[in-house]
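Enquirer: Protein sequence lines, in the order shown, are assigned to chains B and Z.
The opening residue of the first sequence carries number 1 in the numbering used here; numbering runs sequentially from there.
The opening residue of the second sequence carries number 1001 in the numbering used here; numbering runs sequentially from there.
Glycine included, each C-beta is placed from N, C-alpha and C at the ideal position.
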Amino acid sequence: MERFCRVIPLSIAVFAVAFIGWMVRMLQLSWARSDSWGFTVTVASVVIPVFLVYLWLAIHVLWGIAREGRASGGEGRP
Amino acid sequence: MAGPAQHGAPRDQQDEVLFAPVLGATRRFWLGAAPLLGLTLWGMYAYTLQFRYGLGVTGLNRPVAWGIYITNFVFFIGISHAGTLISAILRLCNAEWRRPITRAAEAITVLVLFFGLGSIIIDLGRPDRLLNVLLYGRLQSPLLWDVTSITTYLTGSTIYLYLPLIPDLAMVRDRATGWRRSLYTFLALGWRGTPGQHRRLERGISVMAVMIIPIAVSVHTVVSWVFSMTLQPMWKSTIFGPYFVAGAIFSGIGGLIISMAVVRRAYHLERYLKPVHFNSLSLLLLVMSLFWFYFTFAEHLTAYYGGELAEAMVLFAKVTGRWAPLFWAMVVLNFVIPVAILANGRTRTVAGSVVASASVVVGMWLERYLIVVPTLANPRLPYARGLYAPTWVEVSITLGAVAFFMLLYMVFTKVFPIISIWEVREGHEGLREAQERMVGYLPGPAEPAAPAAQGAGH
Chain B
1 MERFCRVIPL
11 SIAVFAVAFI
21 GWMVRMLQLS
31 WARSDSWGFT
41 VTVASVVIPV
51 FLVYLWLAIH
61 VLWGIAREGR
71 ASGGEGRP
Chain Z
1001 MAGPAQHGAP
1011 RDQQDEVLFA
1021 PVLGATRRFW
1031 LGAAPLLGLT
1041 LWGMYAYTLQ
1051 FRYGLGVTGL
1061 NRPVAWGIYI
1071 TNFVFFIGIS
1081 HAGTLISAIL
1091 RLCNAEWRRP
1101 ITRAAEAITV
1111 LVLFFGLGSI
1121 IIDLGRPDRL
1131 LNVLLYGRLQ
1141 SPLLWDVTSI
1151 TTYLTGSTIY
1161 LYLPLIPDLA
1171 MVRDRATGWR
1181 RSLYTFLALG
1191 WRGTPGQHRR
1201 LERGISVMAV
1211 MIIPIAVSVH
1221 TVVSWVFSMT
1231 LQPMWKSTIF
1241 GPYFVAGAIF
1251 SGIGGLIISM
1261 AVVRRAYHLE
1271 RYLKPVHFNS
1281 LSLLLLVMSL
1291 FWFYFTFAEH
1301 LTAYYGGELA
1311 EAMVLFAKVT
1321 GRWAPLFWAM
1331 VVLNFVIPVA
1341 ILANGRTRTV
1351 AGSVVASASV
1361 VVGMWLERYL
1371 IVVPTLANPR
1381 LPYARGLYAP
1391 TWVEVSITLG
1401 AVAFFMLLYM
1411 VFTKVFPIIS
1421 IWEVREGHEG
1431 LREAQERMVG
1441 YLPGPAEPAA
1451 PAAQGAGH
């Protein structure tokens, strides 16, 4: 079961990328329609960095914990 | 951070009471869950009626297009401030008494946020069109700011709940058998407590603790903007942001105290959730009660003093008119009762703090209701004034939502340790470090005065 545990960091990473993708889509729509560009840029410039941090947490922290757990080969105690 | 092999057997034995709820369900648990499940199913039945026949089965009308669903939305988002915000602030301040309460607080945040989002969906006449908001949304609308900020907060809070859970999940994994062992092996991410894993975990928790505070504050500010960006009387207010945030923290602490008292009683955790924890949270609740009164007074005084007709109509409808019983009940529940109980050291007991918290939670729901409905019932534009009374469908859905939240919280306490075991142990093992930190806060020994300075003194 331990080999499947990377599903968790992967799911968080995929969600973070999907949300950033949605923000980019909002920017694209806003640009194409010339509609509320200032609002869209402001919101995106706050939200995208936050989701990049979530992406870092998923990859560096959670994936890293899973990788080190496998590398330790069951040594150590929780 | 506790080292990998520092947990002695005596502490393991002492902490068995924390693993007991996770490793098996008692008959008492099912007896508690059954009525909540019944209420949840009743609420779902009511929603199926609303879904089938539309919003005509509710009391919503023109001009009162928002009723108790939007009240619930603001209320649930407010309760969500119990966890992540309080936990993050206490963690960053190194408040040692936080250790047994952070998990209970963070769990409230994540679970209740789903109900906040759910209230919006319930309020929609055509929920099947929800996807259009994502596909063709315009970020000019504060409603879409809400979608964005709540999703950001929910994601962050989930990560912030999950990170400190990992070491505890590994401890449960090592005790569990059968399917439970597989589940916890999956969730524990292969945690072995190596120094490298501890470093990563600690870095992740620290980053999230810093990040989640502005996110939490921004969420309730954005919720308030849904109202204050309009020109409606008594909504267009520059202090609505901080007013909502203060109210959210206020109701959040109330919700947290109640949940702690229930968990303490149900799982016999008196050794972990001590009167000192309730006392500390009660003092925070007392301070927030005073803040709430200050904001409420400022908000209503400016409306009264300005004397603008539309604002005055809403104000007097609240204070002396149709909603006066609810308004004064709100003042008593949010200010008079909590201050009377919590300002007195003799009544600031566990039971006293629970009574005050229950009073605050009900009072804050009334406050949200009194923000939403009276303004819509007295619109600025020359429409006929409206009346609104929730129907049994709305009341059933609301009760069902509250019951479902309580049920999910119960299930959470059965699946995950409700007290952060490794953090409590870390607190025990770090007593010397805490003592050194305390000494560091105090003034150091006086340095011997220089001879020249002594001369100048004379």
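(1) Note down, in chain order, each residue of its chain lying with its Cβ closer than 7 Å to the Cβ of A1216 of chain Z, except the 5 sequence neighbours on either side.
(2) In or out: D1128 of chain Z buried (at least 16 other Cβ within 10 Å) or exposed?
(3) Would DSSP call V1205 of chain Z helix, strand or coil?
(4) With a threshold of 6 Å on Cβ separation, who are the neighbours of A1005 of chain Z within its own chain once the five nearest residues in sequence on each side are excluded?
(5) Thinking C-beta only, is G1067 of chain Z closer than 8 Å to G1125 of chain Z?
(6) Just curious, the alpha helix (DSSP H) that K1414 of chain Z is in, first and last residue?
(7) Where does C104 of chain B fall in DSSP's three states?
(8) For the alpha helix (DSSP H) holding D1123 of chain Z, just list the boundary residues, first then last.
(9) Check whether the Cβ atoms of V1112 of chain Z and I1079 of chain Z lie closer than 8 Å to each other.
(10) Apart from the five residues on each side of it in sequence, which residues of its chain come closer than 7 Å, Cβ to Cβ, to T1230 of chain Z?
(11) Answer yes if the segment 1154-1172 of chain Z comes into contact with the segment 1128-1141 of chain Z, meaning at least three C-beta pairs across the two stretches below 8 Å, and no otherwise.
(12) Excluding the five sequence neighbours on either side, which residues of its own chain have a C-beta within less than 6 Å of the C-beta of L62 of chain B, listed in chain order?
(13) Count the other CB atoms within 10 Å of the CB of P1445 of chain Z; is the residue buried (16 or more) or exposed (fewer)?
(14) So which residues on chain B does Q994 of chain Z lean against when the C-beta distance must stay under 7 Å?
(15) At a Cβ threshold of 8 Å, is G1043 of chain Z touching chain B?
(16) Alpha carbon to alpha carbon, how far is F4 of chain B from P1100 of chain Z?
(17) Give, in chain order, every unbroken run of the alpha helix (DSSP H) that is at least 4 residues long and sits entirely within the segment 1144-1230 of chain Z.
(18) Buried or exposed: which applies to Q28 of chain B, given that a residue is buried once 16 or more other Cβ atoms fall within 10 Å of its Cβ?
(19) Helix, strand or coil, according to DSSP, for A1384 of chain Z in the structure here?
(20) Suppose you measure from the CA of V1393 of chain Z to the CA of Y1069 of chain Z; what does that come to, to the nearest Å?
(21) State buried or exposed for W1191 of chain Z, treating a residue as buried only when at least 16 other CB atoms are found within 10 Å of its CB.
(22) Could you run through the segment 1206-1236 of chain Z and flag, in chain order, every residue whose CB is less than 9 Å away from some CB of chain B?
(23) For G1156 of chain Z, which residues in chain B fall below 8 Å Cβ to Cβ?
(24) First and last residue of the alpha helix (DSSP H) that includes F1297 of chain Z?
(25) Output yes or no for whether 8 Å exceeds the beta carbon distance between R25 of chain B and A66 of chain B.
(26) Give me the Cβ distance between S988 of chain Z and L1342 of chain Z, rounded to the nearest whole Å; I'm assuming they're in contact under 8 Å.
(27) Report, in whole angstroms, the separation of the C-beta atoms of W1097 of chain Z and S1280 of chain Z, which I expect to be a contact under 8 Å.
(28) Closest Cβ-Cβ distance between F1115 of chain Z and chain B: below 8 Å?
(29) Less than 8 Å between the beta carbons of F1250 of chain Z and S1289 of chain Z, yes or no?
(30) From I1371 of chain Z to M1330 of chain Z, what distance separates their C-alpha atoms?
(31) On the three-pair Cβ rule with 8 Å, is the segment 1399-1418 of chain Z touching the segment 1259-1273 of chain Z?
(32) Taking S45 of chain B as the query, report the chain Z residues whose CB atoms sit under 7 Å from its CB, ordered along the chain.
(33) List the residues of chain C whose Cβ lies closer than 9 Å to the Cβ of F1412 of chain Z, in chain order.
(34) Between S1396 of chain Z and the ligand GDP, is the CB less than 7 Å from at least one heavy atom?
(35) Within 10 angstroms of the Cβ of Y1383 of chain Z, are there 16 or more other Cβ atoms? Answer buried if so, exposed if not.
(36) Excluding sequence positions up to five away, which residues of its chain have a Cβ less than 6 Å from the Cβ of P1443 of chain Z?
Expert: The short version:
(1) Here the set comprises H1081, T1084, L1085, Y1153.
(2) Looking at its Cβ environment, which holds fewer than 16 other Cβ atoms inside 10 Å, D1128 of chain Z is exposed.
(3) The displayed chain sequence assigns Ile, not Val, to residue 1205 of chain Z. It is helical.
(4) For A1005 of chain Z, the predicted model reports a pLDDT of 40, less than 50, meaning its position is unreliable; a value from the coordinates is still stated below. In its chain, beyond the 5 residues on either side, no residue has a beta carbon closer than 6 Å to the beta carbon of A1005 of chain Z.
(5) It is not a contact, given that the beta carbons lie outside the stated cut-off.
(6) First-last of the alpha helix (DSSP H) with K1414 of chain Z: 1392-1415.
(7) Only positions 1 to 78 of chain B appear in this structure, which leaves residue 104 of chain B out of reach.
(8) Note, D1123 of chain Z: alpha helix (DSSP H), 1102-1123.
(9) Closer than 8 Å, so yes.
(10) For T1230 of chain Z, where only same-chain residues beyond five positions count, the Cβ hits under 7 Å are K1236.
(11) With the cut-off at 8 Å, the segment 1128-1141 of chain Z and the segment 1154-1172 of chain Z do not touch.
(12) Closer than 6 Å at Cβ, skipping near neighbours: P9.
(13) By the 10 Å Cβ count, P1445 of chain Z comes out exposed.
(14) Summary: the structure shown does not reach residue 994 of chain Z, with chain Z confined to residues 1001 through 1458, and so no result is reported for it.
(15) No, G1043 of chain Z lies away from the interface with chain B (no Cβ there is under 8 Å from its Cβ).
(16) For F4 of chain B and P1100 of chain Z, the gap between their C-alpha atoms comes out near 31 Å.
(17) As far as the segment 1144-1230 of chain Z is concerned, its whole alpha helix (DSSP H) runs of at least 4 residues are 1178-1187, 1195-1228.
(18) Burial state of Q28 of chain B is exposed, judged by a 10 Å Cβ sphere holding fewer than 16 other Cβ atoms.
(19) Collapsing the DSSP output to three states places A1384 of chain Z in coil.
(20) Rounded to the nearest angstrom, the two C-alpha atoms are 11 Å apart.
(21) W1191 of chain Z comes out buried.
(22) Listed in chain order, the positions of the segment 1206-1236 of chain Z with a beta carbon within less than 9 Å of a beta carbon of chain B are V1207, M1208, M1211, I1215, S1218.
(23) What G1156 of chain Z touches in chain B, judged by beta-carbon distance under 8 Å, is V50, Y54, going in chain order.
(24) Residues 1275-1306.
(25) In terms of Cβ geometry, R25 of chain B and A66 of chain B do not form a close pair [threshold 8 Å].
(26) Here chain Z comprises residues numbered 1001 to 1458, so residue 988 of chain Z is not present and cannot be evaluated.
(27) Confirmed, about 6 Å.
(28) Under the Cβ distance rule, F1115 of chain Z does not count among the residues neighbouring chain B, no pair being separated by less than 8 Å.
(29) Note that the C-beta distance between F1250 of chain Z and S1289 of chain Z is below 8 Å.
(30) Looking at the two C-alpha atoms, the distance is approximately 12 Å.
(31) Yes: at least three Cβ pairs fall under 8 Å.
(32) Within chain Z, no residue comes near S45 of chain B; the closest Cβ sits about 11 Å away, beyond 7 Å.
(33) Within the model displayed, chain C is absent; protein chains B and Z are what it includes.
(34) This structure lacks the ligand GDP, and indeed carries no ligand of any kind.
(35) Using a 10 angstroms sphere on the CB of Y1383 of chain Z, the tally of other CB atoms stays under 16, which defines it as exposed.
(36) For P1443 of chain Z, where only same-chain residues beyond five positions count, there are no Cβ hits under 6 Å.
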